[in-house]
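A.B. asks:
Residue numbers (the numbering used here), protein chains in the order written: chain A, 1 to 497; chain B, 498 to 560.
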């Protein structure tokens with residue numbers, strides 16, 4: 001039986017400091033996060049980099065002398081009361097959602113992340129001199145060959161051979177682009193012109209050069225091997241997925257997370273298709289992204305040919321068999337599971353018969369309609385800078401400028417759910433414990449990370465509370481305990497640390 | 498595309514689960530606007546100096 005597909009999304013946002021002369025994106029990203037922390041949070045709680053060694057379970061009374069200097073060496077880093085991590089990564093503001101137990105919950109937190117960035121941007125801009133402006137984009141490329149990521153992560157069973165995960169997830173990653181892509185004008189792969197690739201399905205396919213590997217910043221692999229479970233490493237892996245776009249469409253985020261969670265559960269249970277491996281994965285990844293009419297078929301290792309749609313139908317059929325056998329418990333229950341399967345079926349059918357019917361739910365299809373209309377209206381070539389501006393502005397998070405939020409994209413979340421998710425953690429994972437502790441005992445928390453929290457309750461040494469099980473520390477487990485404990489000292493006493 | 502036809506298309510189970518349709522995606526249609534209206538609106542919000550905006554938009558690689 002598969003392990004529960006605990007999941008999350010990490011998004012690096014594009015950032016532009018306008019009219020600043022010598023723009024410094026690291027400083028600009030720091031301004032964004034500091035504006036949020038100082039403007040909206042009671043107290044700044046730092047990130048604890050002990051997390052880099054999750055196997056070390058420092059249960060109990062621990063001296064904690066290595067923490068402070070280590071934090072100094074890193075850039076701005078904060079933990080939010082919704083359980084998220086908000087920080088500067090390379091030269092971008094990045095937000096990692098809290099751990100979630102299903103695709104819908106995670107989609108809500110992804111949308112809450114956008115709102116957090118919008119609030120940060122607005123707050124930061126109040127502090128800037130007249131004429132200067134910070135602008136945030138939820139995209140993955142600057143159109144000039146520089147890319148930044150939107151990563152997903154999923155809990156998988158450590159007992160499953162990694163080779164099987166690689167073999168069975170790769171055809172799915174390559175094919176899912178057709179319903180996961182955020183769309184992009186032109187190509188940033190070396191040697192390709194606008195004439196050859198005027199418009200493509202994904203932002204990211206141009207940047208992948210390997211099939212499997214550890215890198216994320218160069219020679220990017222389709223399957224990333226980073227092995228940081230941020231949990232009990234004897235029981236779990238955490239598959240770090242770098243081959244995806246940041247979607248403006250909630251439906252796509254939901255489908256991407258939901259279908260991938262199901263496929264990984266199928267792999268855990270050894271029920272995923274075994275005969276869909278592409279002969280040349282890196283080349284096929286790009287071909288699929290460039291094939292906006294969904295006409296191509298690609299050579300498989302077994303000598304047959306298949307289109308991205310063929311492969312996705314094969315995974316869909318396997319998912320039906322898998323769910324007949326195991327149900328949907330590990331992806332969040334029957335309601336969510338059945339809904340994901342239904343939408344998976346419907347999106348494949350629509351892509352096959354009438355892709356333009358998806359203009360309200362698939363970014364690249366919405367873009368294509370919009371861009372073609374704009375082109376005709378103003379008689380522009382694909383290579384015109386105004387087209388490139390349109391393609392940036394689709395992802396612009398400024399409410400008065402962003403295009404995606406004014407074209408009628410369907411919602412998965414409600415405003416109320418998103419507002420709640422900005423400040424409150426998901427009730428169903430350890431993020432609940434993290435977020436509630438931050439909200440309730442901010443002065444007693446030195447630092448936090450995915451799998452532990454460090455408390456300072458006065459005279460005693462700092463204490464680390466390990467949280468190696470992503471499904472412990474939930475509302476059901478600890479809500480009444482947290483409500484009852486007046487202060488962190490009492491909490492730690494009752495936790496028995 | 499012979500292979501494509503050979504693959505049997507599994508049917509949806511939406512008949513069984515219509516009632517379970519969670520509140521996903523049910524507010525979409527009210528937001529549908531005619532493309533022309535949309536393009537009018539976009540003309541109104543598009544960056545006035547598009548060329549310069551695009552030129553200045555340079556990001557460092559990330560991840």
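Ideal placement from N, C-alpha and C gives every residue a C-beta, glycine not left out. Predicted model only: the values in this text are computed from it and were never measured.
Going by DSSP, which residues form a beta bridge with residue 184 (chain A)?
C.D. replies: Residue 184 (chain A) is bridged to A:200.
A.B. asks: Going by the beta-carbon positions, is the gap between residue 93 (chain A) and residue 435 (chain A) smaller than 9 Å?
C.D. replies: Against a cut-off of 9 Å, the Cβ pair of residue 435 (chain A) and residue 93 (chain A) comes out as no contact.
A.B. asks: Given residue 493 (chain A), which residues of its chain have a CB within under 6 Å of its CB, disregarding the five upstream and five downstream residues?
C.D. replies: If we look at residue 493 (chain A) and ignore the five residues flanking it on each side, it has no Cβ neighbours.
A.B. asks: Work out the CA separation of residue 264 (chain A) and residue 103 (chain A) for me, nearest whole Å.
C.D. replies: Cα to Cα, residue 103 (chain A) sits roughly 13 Å from residue 264 (chain A).
A.B. asks: Counting only C-beta atoms, is residue 521 (chain B) closer than 9 Å to chain A at any point?
C.D. replies: With a pLDDT of only 42 at residue 521 (chain B), under the threshold of 50, the placement of this residue in the model should not be trusted; the figure read from the coordinates follows. Judged by the 9 Å Cβ criterion, residue 521 (chain B) is in contact with chain A.
A.B. asks: Looking only at its chain, what residues have a beta carbon closer than 6 Å to the beta carbon of residue 355 (chain A), apart from the 5 residues adjacent to it on each side?
C.D. replies: Closer than 6 Å at the Cβ level, and outside the excluded window around residue 355 (chain A), lie 365.
A.B. asks: For residue 330 (chain A), collect the residues of the same chain with a Cβ closer than 6 Å to its Cβ; drop the 5 residues on either side in sequence, then sort them by chain order.
C.D. replies: Cβ within range, chain order: 2, 4, 5 and 265.
A.B. asks: Would you list the one or two residues that DSSP bridges to residue 93 (chain A)?
C.D. replies: BP columns for residue 93 (chain A) point to A:88.
A.B. asks: So the candidates are A:405, A:390 and A:391; which of them puts its Cα closest to the Cα of residue 397 (chain A)?
C.D. replies: It is A:405.
A.B. asks: Quick check on residue 165 (chain A): does DSSP put it in helix, strand or coil?
C.D. replies: If DSSP states are grouped into helix, strand and coil, residue 165 (chain A) belongs with the helices.
A.B. asks: Identify, in the order they occur along the chain, each residue of the same chain with its Cβ nearer than 6 Å to the Cβ of residue 247 (chain A), setting aside the five sequence neighbours on each side.
C.D. replies: Result list for residue 247 (chain A): 182, 253 and 363, in chain order.
A.B. asks: For residue 491 (chain A), does the count of other Cβ atoms within 10 angstroms reach 16, so buried, or fall short, so exposed?
C.D. replies: Counting Cβ neighbours within 10 Å, residue 491 (chain A) comes out buried, since at least 16 surround it.
A.B. asks: Which residue marks the beginning of the beta strand (DSSP E) containing residue 155 (chain A), and which one marks its end?
C.D. replies: Residues 150–157.
A.B. asks: So what's residue 312 (chain A) in DSSP terms, helix, strand or just coil?
C.D. replies: Three-state result, residue 312 (chain A): helix.
A.B. asks: Give the secondary structure of residue 553 (chain B) by DSSP, where H, G and I count as helix, E and B as strand, and everything else as coil.
C.D. replies: In the structure shown, residue 553 (chain B) sits in a helix (DSSP, three-state: H, G or I).
A.B. asks: Could you tell me which chain B residues have their CB closer than 7 Å to the CB of residue 148 (chain A), listed as they occur along the chain?
C.D. replies: Ordered by position in chain B, the residues that pass the 7 Å Cβ test against residue 148 (chain A) are 556, 558, 559 and 560.
A.B. asks: With DSSP as the reference, label residue 355 (chain A) as helix, strand or coil.
C.D. replies: In this structure, residue 355 (chain A) counts as helix in the three-state DSSP scheme.
A.B. asks: Name the chain B residues whose beta carbon is nearer than 9 Å to that of residue 90 (chain A)?
C.D. replies: Those within 9 Å of residue 90 (chain A) in chain B are 557, 558, 559 and 560.
A.B. asks: Determine which residues of the region 378–396 of chain A have a Cβ less than 8 Å from any Cβ of chain B, and write them out in chain order.
C.D. replies: Here the close residues are 385, 386, 388, 389, 390, 392 and 393.
A.B. asks: Of all the beta strand (DSSP E) runs that stay within the bounds of the region 221–267 of chain A, which reach a length of 3 or more residues?
C.D. replies: Complete beta strand (DSSP E) runs here, min 3: 236–241.
A.B. asks: Identify which residue in A:163, A:106 and A:187 has its Cα closest to the Cα of residue 83 (chain A).
C.D. replies: Of the candidates A:163, A:106 and A:187, the one whose C-alpha sits nearest the C-alpha of residue 83 (chain A) is A:106.
A.B. asks: Thinking residue 446 (chain A) and residue 456 (chain A) are a contact (beta carbons under 8 Å), I'd like their distance in whole angstroms, please.
C.D. replies: At roughly 5 Å, the Cβ-Cβ gap stays under 8 Å, so residue 446 (chain A) and residue 456 (chain A) are in contact.
A.B. asks: Using a beta-carbon distance below 9 Å, is residue 407 (chain A) in contact with chain B?
C.D. replies: It does; some Cβ of chain B falls within 9 Å.
A.B. asks: Near residue 147 (chain A), what residues of its chain come up, given a Cβ to Cβ distance below 7 Å and the 5 sequence neighbours on each side ignored?
C.D. replies: Hits under 7 Å: 140, 141, 204 and 207.
A.B. asks: Determine the DSSP secondary structure at residue 122 (chain A), reduced to helix, strand or coil.
C.D. replies: Residue 122 (chain A): helix per DSSP, three-state reduction.
A.B. asks: How should residue 499 (chain B) be labelled, buried or exposed, when 16 other C-beta atoms within 10 angstroms of its C-beta is the threshold for buried?
C.D. replies: With a pLDDT of 39 at residue 499 (chain B), under the threshold of 50, the predicted position of this residue should be treated as unreliable, and no value is reported.
A.B. asks: So is residue 25 (chain A) in contact with chain B if we call contact Cβ pairs under 9 Å?
C.D. replies: At least one chain B Cβ lies under 9 Å of residue 25 (chain A).
A.B. asks: Residue 551 (chain B): which of A:384, A:423 and A:487 sits nearest, CA to CA?
C.D. replies: Measuring from the Cα of residue 551 (chain B), the nearest candidate turns out to be A:384.
A.B. asks: Nearest chain B C-beta to residue 210 (chain A) closer than 9 Å, yes or no?
C.D. replies: So, not an interface residue.
A.B. asks: Alpha carbon to alpha carbon, what distance is there between residue 227 (chain A) and residue 238 (chain A)?
C.D. replies: If you take the alpha carbons of residue 238 (chain A) and residue 227 (chain A), they lie about 7 Å apart.
A.B. asks: Apply the 10 Å Cβ neighbour rule to residue 426 (chain A) and answer buried if 16 or more other Cβ atoms are within range, or exposed otherwise.
C.D. replies: It counts as buried.
A.B. asks: Looking only at DSSP bridge pairs, what is residue 147 (chain A) linked to?
C.D. replies: Beta-bridge pairing links residue 147 (chain A) to A:141.
A.B. asks: Three or more beta-carbon pairs under 8 Å between the region 177–192 of chain A and the region 323–337 of chain A, yes or no?
C.D. replies: No, because fewer than three Cβ pairs between the region 177–192 of chain A and the region 323–337 of chain A fall closer than 8 Å, the two stretches do not touch.
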